[in-house]
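Here's the structure we're looking at; comments come further down.
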Amino acid sequence: MNYSEIEKKWNSHWSKTDAYSVSINSSKPKYYCLDMFPYPSGSGLHVGHPLGYIATDVVSRFKRLQGYNVLHCMGFDSFGLPAEQYAIETGQHPKKTTNKNITMFKSQLDRMGLSLDPKREIRTSSPDYYRWTQWIFCQLFDSWYDFTENIAKPINYLIQLFELNGSNGINSSGVTQFSRHEWEAFNEKERLDILMEYRLAYLSSALVNWCPKLGTVLANDEVINGYSERGGFPVERKSMKQWMLRITAYSDRLLDNLHKLDFPKSLKELQRNWIGKSKGVAVNFKVHGVQNHIEVFTSRVETICGVTFLAVSPESPLVDEFTTPDRVDAVTEFLSLNSKRSERDRLADLNNTNGVFTGSWVINPINGKQVPVWVADYVIATYGTGAVMAVPAHDDRDRRFANKYGLEQVTVIDESNTLVNSLEFTGMKTFLGKKNILNKLLKANICNEKTSYKMRDAVFGRQRYWGEPIPVYYDDGIPKLVPVSELPVVLPEVENYKPTSTGQPPLGHAADWLFKGKYPYELSTMPGWAGSSWYFLRYMEPDCNTEIASRNSSDYWASVDLYMGGSEHATGHLLYSRFWNMFLYDLGCVSFEEPFKKIVNQGMIEGKSALIHRVVGENKYVSSDISDNYITSQIHISSDLVDGSTVLVDKLRAWRVDFLDSEFIFNGDTFLCEHKIEKMSKSKHNVTNPNDVISVYGADVFRMYEMYLGPITQSKPWSISGIDGLSRFLKRFISIYQTETGISKVVQEAPTQSELELLHVAIKKVSEDIEKLNHNTAIAALMICVNGLIKEKCHKCEILIPLAIIASPFIVYVTQELWVGALKQTGNIFEQALPIFNEANFKKVNYCYPISINGKVRANITFDLDASEESVTPLVLENEKVKKWIADKPVKKVILVKGKIVNVVI
């Protein structure tokens, strides 16, 4: 059988007949199966991508066999930094490279036998699509969050409340207090500034990760050790005016709903920790010598007598306020060094805490002791108040810091969980001491109870070109929404789309880009995650012109039943999409609050990477064997540029423009790289093209091999060393249907009991394993069945038809070819009904009995299920393990419980 020919044949047939197109069918239950769609940058898909795509395709095909109406689609996350950076690296316009890469991606996907509905394809960079991304932004801008009713409401309703009672009685994010009369007296700008305190999309100054080389703001997870993940460029912390989304308004709902969702425990824990809800108290520490105080949040007020210093975040405005003149130089130097590290790096690098003394002291409100105020890099400005009371005797981070700088440590809780060194509270158990200390502070009006969150509002603006324009224009400096009727605001053509080191967005180069020819547009674009935060809704009705998707469509398809993708998106895309869906639910656009019922994080396919050393801060590279003589960072390069461990420098220079003028420091005549086994990724240049494998082995073997590598959720290194076994299996599978020349072997004869048993064991096992996503063991069950049928020399139609159907989710093309050829059936095999397991054809002959001696299992012995108690007894008593436990004790009785256990009483 020529795999390549039949793949082309059936792909053409299914495309012409719209075989995978679906529509609403109220007579069938729906099943929505979704993959995280790819961003089309780099050199196309690698063999790591299909791991999830094929896994969901197996489920989708299986669910169709079960009678479900299955929605299974694919699109392209085509806006954003990855696509744009690839274009810059290759010296091309991002629109050109994106369209070219999408064409390549689609050609690769077409060869994998995926049952995708082609009419529902989406691209986040299409104006027809991002019109609705912009529309969602407009709704966020025109909404506020009512914490009393826990729901988003229109901003116009808030204005009505202001007109009636000012800010009185409004439980929301606003901080400015004013009366009805003051609201009436405010001018337009003053009113809009106040509304910015409430809007779910708003302008604000924020501390951001700024990368001059990339010319944009980066999220925390895009910065590693002070350098951009993409490109390895230096990153600094700076305050910039940014568009923000108030995701914090939804913190409690995002947390509370987690228990309802079928997510991996690790993913839930990541989201819980990211949101970081803590209940505690805000305590005021008076600054020594001045009429001022520092507010500190703590969830462990019972340790307050052990406070030996206060630690303030480097980004906190308190630093300038409390740095004494003699400490200005030391503090300034520390802040400069710290600005190169992201919050995530500082939190992750627990063994490298650094700080500097401000020169100020505060007074502990519980015992009157003076304690020093330090700036410490392990304190994050966005958590609590940006200052913590340090208790080194009872906190690991505080202890490491105190040990490094020789600060005092006072124990206030002993091993019996009793307070010590705690004034009148000494001797109290911790829970009682906490209650009494809190009461004392509350009575003295020194603290107030408070709930704090680690999660901050999301920075939404990017100073880049390739993204959705933010639908805002400026009228005399006042931001105003482009009317919904004018959407989309189309991304204009610009000659120079490259980012600038000054922060001036490339859209500033657009000629005459004005709203109504008069008002300047916002020049920042949306981040890459904007379009991916709602794409699962657009698949429901991608050609709808009046809304994201009609309620008829969204009510039918509803939440995604199975969503598969990488765990690295836990605190990014998977949180933002939950937030956006909740917001749309509040607006009444959708009838379901959560977008995904079940998430499965597939493991990584790992590849062998090549890395070279770049001298930090210079356009200079050094051979890895002498890299210890320099301060370097590692850069991934393509494995095609390496011969063993030797880098082919001339090819490297020609590979990318940023290497063209670089200096390379050799060790003698060689320039060496290092190798690393890690996640296969285009950014790491360690990928294998699936087309290379399919061209040799065919799509069906490739599909089975990806699934057979191991459990879907586990990571595994890529190797084709085992693929020949799957190739041989497929040939054996074909051999029970037809000869090597394609002549059918199928006969119309009644199957034997053993043949029926082989089939029905496979039906049961394959069905159960696909439901559990144990695709590797489902394939193993097919192998056992085929091997058994070959031994039986079975070519019977009654066996081979259902076998082809249960194998078809994995073996797409060959089963279809056999369906219409050797089996002489009509239609598509994936439209058939799943064979039903029949218990009557599943006869277990043997059973492995646990042998219990006086209530404890001591051995396991396999017997015929039809064996009697009389025939079993001597076999049990003669077993060596049983004899060991019985020894010379008399046996009172042996009791056989058929199909369950053998009890021996001594």
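For the sequence shown, numbering that gives the first Met the number 0 gives the first residue as 0, with consecutive numbering after it.
Beta carbons: idealized from backbone N, C-alpha and C, even for Gly.
This one's a predicted model, so the numbers in the text were calculated from it and none came from an experiment.
| Asked | Found |
| --- | --- |
| Do Tyr201 and Val559 have their C-beta atoms within less than 8 Å of each other? | no |
| Which residue comes first and which comes last in the alpha helix (DSSP H) that contains Ala780? | His774 to Glu791 |
| Below 8 Å, how does it come out for the segment 2-20 and the segment 813-824: are there three or more Cβ pairs, yes or no? | yes |
| So Phe104 and Gly51 are in contact, right, with Cβ under 8 Å, and what is the actual spacing, rounded? | Between Gly51 and Phe104 the Cβ distance is about 14 Å, and since that is not below 8 Å, they are no contact. |
| Could you please give the first and the last residue of the uninterrupted alpha helix (DSSP H) stretch that includes His929? | No answer is possible for residue 929: it lies beyond the span of the chain, which begins at 0 and ends at 905. |
| With distances taken between CB atoms, is the gap from Ala839 to Tyr736 smaller than 8 Å? | no |
| Can you tell me where the alpha helix (DSSP H) holding Ala86 begins and where it ends? | Leu80 to Glu88 |
| Measure the alpha-carbon distance for Trp13 versus Asp723 and round it to whole angstroms. | 29 Å |
| On a Cα-Cα basis, can you pick out the residue from Thr499, Phe61 and Ala557 that is closest to Ser523? | Thr499 |
| Where does the unbroken beta strand (DSSP E) through Val207 begin, and where does it stop? | Ala200 to Cys210 |
| Ignoring anything shorter than 3 residues or poking outside the segment 591-669, list the beta strand (DSSP E) runs there in chain order. | 598-600, 604-614, 619-621, 631-636 and 662-664 |
| Is the segment 67-78 touching the segment 781-788, taking contact as three or more C-beta pairs under 8 Å? | no |
| Report yes if the CB atom of Val300 is closer than 8 Å to the CB atom of Val280, and no otherwise. | yes |
| In whole angstroms, give me the CA-to-CA distance for Lys897 and Lys880. | 21 Å |
| If we ignore side chains and look at the alpha-carbon of each, how far apart do Tyr696 and Tyr704 end up? | 10 Å |
| Who are the near neighbours of Asp49 in its chain, counting only those whose CB is closer than 7 Å to its CB and skipping five residues on each side? | For the sequence presented, residue 49 should be read as Pro rather than Asp. Answer for Pro49: Met111, Pro689 and Glu705, listed in chain order. |
| By alpha-carbon positions, which one of Arg398, Cys304, Leu490 and Met388 ends up nearest to Val419? | Cys304 |
| Classify Glu673 as helix, strand or coil using the three-state DSSP reduction. | strand |
| Please report the distance separating the alpha-carbon of Ala509 from that of Pro491. | 7 Å |
| Helix, strand or coil for Arg455, going by three-state DSSP, please let me know. | coil |
| In chain order, which beta strand (DSSP E) runs of at least 3 residues are fully inside the segment 824-881? | 845-852 and 855-863 |
| Could you give the distance in angstroms between the alpha-carbon of Lys792 and the alpha-carbon of Lys675? | 49 Å |
| Of all the options Glu546, Thr247 and Lys237, which has the alpha carbon lying nearest to the alpha carbon of Thr450? | Thr247 |
| Once the 5 residues before and after Ser637 are set aside, which same chain residues still bring their CB inside 6 Å of it? | His684 |
| Below 6 Å CB to CB, which residues in the same chain sit around Asn618 once its five sequence neighbours on both sides are set aside? | Ser661 |
| Would you call Asp906 buried or exposed, if buried means 16 or more other Cβ atoms sit within 10 Å of its Cβ? | Lying outside 0 to 905, the shown extent of the chain, residue 906 is not represented and no answer is given. |
| Measure the C-alpha to C-alpha separation of Pro505 and Tyr464 and round it to an integer number of angstroms. | 6 Å |
| Quick one: using the 10 Å Cβ neighbour count with 16 as the cut-off for buried, is Leu659 buried or exposed? | exposed |
| Have a look at the DSSP bridge pairing and note the partners of Ser277. | Ser451 |
| Starting from the Cα of Ile664, find the closest Cα among Pro364, Arg613 and Asp657 and give me that residue. | Arg613 |
| Can you name the start and end residues of the beta strand (DSSP E) that Pro889 belongs to? | Run containing Pro889: none; DSSP gives neither H nor E here. |
| What does a CB cutoff of less than 8 Å around Gln601 pick up in its chain, not counting 5 residues either side in sequence? | Leu50, Gly51, Ala54, Met563, Gly564, Gly565, Ile711 and Thr712 |
| Nearest-angstrom Cα distance between Lys678 and Gly606? | 6 Å |
| What is the residue span of the alpha helix (DSSP H) that Pro478 lies within? | Run containing Pro478: none in the alpha helix (DSSP H); it sits in the beta strand (DSSP E), Ile477 to Leu480. |
| Counting C-beta neighbours from all protein chains within 10 Å, is the total for Lys62 16 or more, i.e. buried, or is it exposed? | buried |
| Identify the continuous alpha helix (DSSP H) that holds Met195 and give its terminal residues. | Glu187 to Met195 |
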